[in-house]
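Basically my numbering = 1-based index in the sequence shown + 62.
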Amino acid sequence: MHNKEITILVGYHKGNNLIFENCLYYRFFNVKDGVVNKIMINRKRNESTIDYYEELLNNFFVDKKLISVGYDTLKMTKYSEEYLGVKLVNASEEKLNIYFTSNALYAFSEIENLIAQIKSRDFYEYAINPISKNIVERMTIRPSDGDRSSILYVLNNSNTSYLNIAKQLGYYYRKNNHEIDQDDLQIIFSLIRYFINTNIDSNPYYEYTKDFLFIKCNKNAFIEINDVDLIDEIEKSRILDDLWLVMHNLIPKMPLQEESIKEKEELKRIRTRYLESKHLYF
């Protein structure tokens, strides 16, 4: 992408004397400092704008991790139709906004499914990179502002913020009332397990109250979660059950999410046998 922010409007063409087939059409705009300017495309006769659209998508996603997905509506003018769309940001800080008219919402569903797949892959891989290098000391997981999900690693921003945030990975998830986005949940579960296993050189431990969960992994690495709804989901996912077993040296590391569910009964038996041996079971 040559421009840092591009907005695409997608509509549905019912056909006319020149265009016989019903099809989607695309309009492209450059956004700079909040000012929207139409991008003029030089194309040959009968050449579809979908080629330019697909090229933009390819340039935005290839070799650039997606780090933010948001949902929004747009009206170009006071009396124009309202568009429904997605707002995307990649790791190169490029922004791509794609909005759809009401009669093109089937195409919105298609791009939404594609983005969900890319998000699950890119968010996870983006986080795994610094975690695997042992340079994440603090992972914070909390609801986002607005209808979006995002993830960001901060090496050091002491020069730009009084908070002096350093070596921090932040995951901000979509939440509507008490419902957390399911894609976000699965990524979060995987990242928590991976983070613990990567920083397991000393026995980890956790402590929590009703709305705060703190997981300490070693001298420097820890996870902070401040949301009662997410804590409830983490408990249901068996993360704390498995972490308890790791804390007591009953298993060597956190199993994968699917492994934990599959081996749930055996993991429960390990806990029960340990408690009985200590005369703590009741």
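Idealized CB from N, CA, C, for every residue including glycine. All values derive from a computational prediction rather than experimental measurement.
The shortest CA-to-CA distance from residue 202 to any of 270, 263, 233 is the one to 233. For residue 152, the enclosing beta strand (DSSP E) stretches over residues 145-152. Residue 192 sits in a helix when the DSSP states are folded into three classes. In this structure the segment 182-194 does not touch the segment 97-105; the number of beta carbon pairs closer than 8 Å is below three.
The Cβ atoms of residue 208 and residue 132 lie closer than 8 Å to each other. The C-alpha of residue 169 is placed about 12 Å away from the C-alpha of residue 145. If you check the CB distance, residue 134 and residue 181 do not come in under 8 Å. Residue environment: residue 154 is assigned as exposed (fewer than 16 neighbouring CB atoms within 10 Å of its CB, all protein chains considered). DSSP, read as helix, strand or coil, puts residue 141 in coil.
Rounded to the nearest whole angstrom, the C-alpha separation of residue 117 and residue 129 is 20 Å. Counting only residues of its own chain and dropping the five nearest sequence neighbours on each side, residue 143 has a CB closer than 8 Å to the CB of 137, 163, 164.
Per DSSP, reduced to three states, the secondary structure at residue 202 is strand. For residue 285, the uninterrupted beta strand (DSSP E) run begins and ends at 284-287, by DSSP. Per DSSP, the unbroken alpha helix (DSSP H) holding residue 291 starts and ends at 290-298. It is roughly 12 Å from the alpha-carbon of residue 324 to the alpha-carbon of residue 299. With a beta-carbon spacing of about 12 Å, residue 285 and residue 293 fall beyond the 8 Å limit used to define contacts. DSSP links residue 211 through a beta bridge to 131. In the displayed model, residue 124 falls within coil according to three-state DSSP, outside both helix and strand.
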